[in-house]
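*Asks:* Here it is, the structure, as structure tokens.
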Amino acid sequence: MEITSETPWDGTPDISARIIVAIGRVASVLRAGMWEFATAENLNPAQAEILQLLKDRTHGVRLSWLATQLSVSPASASDSVAALVTKGLVRKDRAEDDKRATALWLTDQGKALVERMAQALGFADDAAARLNRAVQEQMLVGLFKLIAQLQKSERFPALRACLSCRFFEANKFPGSAAPHHCALVKAPLPIAFLRIDCAEQEPTDPVTERRNWEAFA
């Protein structure tokens, strides 16, 4: 019987496994930073995350959407929202698209708190900014591709990303440095300018969205 000798690298996990571990470690550092800030502001982590999700949501959001984004029950999300309303950080009002429904917005006090939160987490942005520009672009494309794969599992919540927007025109200029086009600003869209979260995003139809993400997958 042939015995294959071990190499020094036989126990190394697959690259895919190491990528997920690395992303998890980065997420842990960001989460710890947010929790530290939240504790100082007398918030729990769920409340702090809700404030982040409401940032730049000028049309308001529904409670059910928040629950989906947080992967919690509507009742749990409702408790956190109620606490934020009491603190004066979130306001409830009639939804713009359905006056029978209720939507949520940040108050001015809530917006100011979210800005301070972003500053508290600025260490991560600073670290990414110190990377070589080419590395930054490669990482951005890689993350879009990973998100595209995760969406196939239906575990990834909806994003206000370029690829999910009705203004996004994929591969309008194939082979160029700016292959896509943004119909909102009427300009070519370089890959380096693709957004994960855009305040001006308007959802496209499901078929087009799926086609856009599949192009990255």
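If you read the sequence shown in our numbering, its first letter stands for residue 994, the second for the next number, and so on.
Note that beta-carbon positions come from the ideal geometry of N, C-alpha and C, so glycine has one too.
Run through the DSSP bridge pairs and tell me what residue 1072 is partnered with.
*Replies:* Start at 1 with the first residue of the sequence shown, and residue 1072 comes out as number 79. Partner(s): none; residue 1072 has no beta bridge.
*Asks:* Contact check, residue 1099 vs residue 1083 under 8 Å by CB: the rounded distance?
*Replies:* Locating residue 1099 in the sequence shown gives position 106, where the first residue counts as 1. Locating residue 1083 in the sequence shown gives position 90, where the first residue counts as 1. Their Cβ separation, rounded to whole angstroms, is 6 Å, which keeps residue 1099 and residue 1083 in contact under 8 Å.
*Asks:* Would you tell me roughly how many angstroms separate the C-alpha atoms of residue 1170 and residue 1176, rounded to the nearest one?
*Replies:* Taking the first residue of the sequence shown as 1, we reach residue 1170 at position 177. Taking the first residue of the sequence shown as 1, we reach residue 1176 at position 183. Roughly 17 Å between the two C-alpha positions.
*Asks:* What are the start and end residues of the beta strand (DSSP E) that includes residue 1095?
*Replies:* Looking up residue 1095 in the sequence shown gives position 102. Here the beta strand (DSSP E) through residue 1095 covers 1095-1099.
*Asks:* Which whole-angstrom value is the C-beta distance of residue 1114 and residue 1026, which I expect to be below 8 Å?
*Replies:* Walking along the sequence shown from the start, residue 1114 turns up at place 121. Walking along the sequence shown from the start, residue 1026 turns up at place 33. Yes, residue 1114 and residue 1026 are in contact; Cβ-Cβ is about 5 Å, under 8 Å.
*Asks:* Quick one: which unbroken alpha helix (DSSP H) runs of 4-plus residues sit fully inside the stretch 1005-1069? Chain order, please.
*Replies:* Correct list: 1008-1033, 1038-1047, 1056-1063.
*Asks:* For residue 1208, report the span of its alpha helix (DSSP H) as first-last.
*Replies:* Taking the first residue of the sequence shown as position 1, residue 1208 is located at position 215. 1199-1209 is the span of the alpha helix (DSSP H), which, as asked, contains residue 1208.
*Asks:* From the DSSP output, in three-state form, read off residue 1178 for me.
*Replies:* The sequence position of residue 1178 within the sequence shown is 185, counting from 1. Three-state DSSP puts residue 1178 in coil, outside helix and strand.
*Asks:* Give me the residue from 1208, 1041, 1006 with the minimum Cα distance to residue 974.
*Replies:* Missing from the structure shown is residue 974; the chain here goes from 994 to 1210 and no further.
*Asks:* Return the CA-CA distance between residue 1188 and residue 1009, expressed in angstroms with no decimal places.
*Replies:* For the purposes of this step, residue 1188 is taken as residue 195 along the sequence shown, with counting starting at 1. For the purposes of this step, residue 1009 is taken as residue 16 along the sequence shown, with counting starting at 1. Whole-angstrom Cα-Cα distance: 24 Å.
*Asks:* On the premise that residue 1041 lies in contact with residue 1030, defined as a C-beta separation below 8 Å, what is that separation, rounded to the nearest angstrom?
*Replies:* Here residue 1030 refers to the residue found at position 37 of the sequence shown. Here residue 1041 refers to the residue found at position 48 of the sequence shown. Going by Cβ atoms, the distance from residue 1030 to residue 1041 rounds to 7 Å, so yes, they are a contact pair.
*Asks:* Based on Cα-Cα distance, which residue from 1112, 1117, 1077 lies nearest to residue 1101?
*Replies:* As a working mapping, residue 1101 is identified with position 108 in the sequence shown. When each option's Cα is compared against that of residue 1101, the closest is 1077.
*Asks:* Hey, is residue 1041's beta-carbon within less than 8 Å of any beta-carbon in chain C?
*Replies:* Among the chains in the structure shown there is no chain C, since it carries only a single protein chain.
*Asks:* When the Cα of residue 1200 is compared with those of 1157, 1047, 1108, which residue comes out closest?
*Replies:* Reading the sequence shown from its first residue, position 207 is the one you call residue 1200. The shortest C-alpha separation from residue 1200 is found at 1157.
*Asks:* Residue 1126 lies in the alpha helix (DSSP H); which residues open and close that run?
*Replies:* Indexing the sequence shown from 1 puts residue 1126 at position 133. Unbroken alpha helix (DSSP H) run through residue 1126: 1126-1144.
*Asks:* Can you give the Cα-Cα distance for residue 1163 and residue 1017, rounded to whole angstroms?
*Replies:* One-based indexing of the sequence shown puts residue 1163 at position 170. One-based indexing of the sequence shown puts residue 1017 at position 24. If I take the Cα positions, the gap works out to 30 Å.
*Asks:* DSSP state of residue 1158, grouped into three classes?
*Replies:* For the purposes of this step, residue 1158 is taken as residue 165 along the sequence shown, with counting starting at 1. Three-state result, residue 1158: strand.
*Asks:* Determine, using beta-carbon pairs with one atom in the stretch 1088-1099 and one in the stretch 1054-1064, whether at least three such pairs fall under 8 Å.
*Replies:* They touch, by the three-pair rule.
*Asks:* Does the separation of the CB atoms of residue 1053 and residue 1105 fall below 8 Å?
*Replies:* The residue given as residue 1053 occupies position 60 in the sequence shown. The residue given as residue 1105 occupies position 112 in the sequence shown. Cβ atoms of residue 1053 and residue 1105: not closer than 8 Å.
*Asks:* Within its chain, find whatever has a CB closer than 7 Å to the CB of residue 1066; leave out the 5 residues flanking it on each side and keep chain order.
*Replies:* The residue given as residue 1066 occupies position 73 in the sequence shown. So the list reads 1060, once near-sequence residues are dropped.
*Asks:* Do you know whose CA, among 1202, 1161, 1198, lies nearest residue 1182's CA?
*Replies:* Taking the first residue of the sequence shown as 1, we reach residue 1182 at position 189. Ranking the options by Cα distance to residue 1182, first place goes to 1161.
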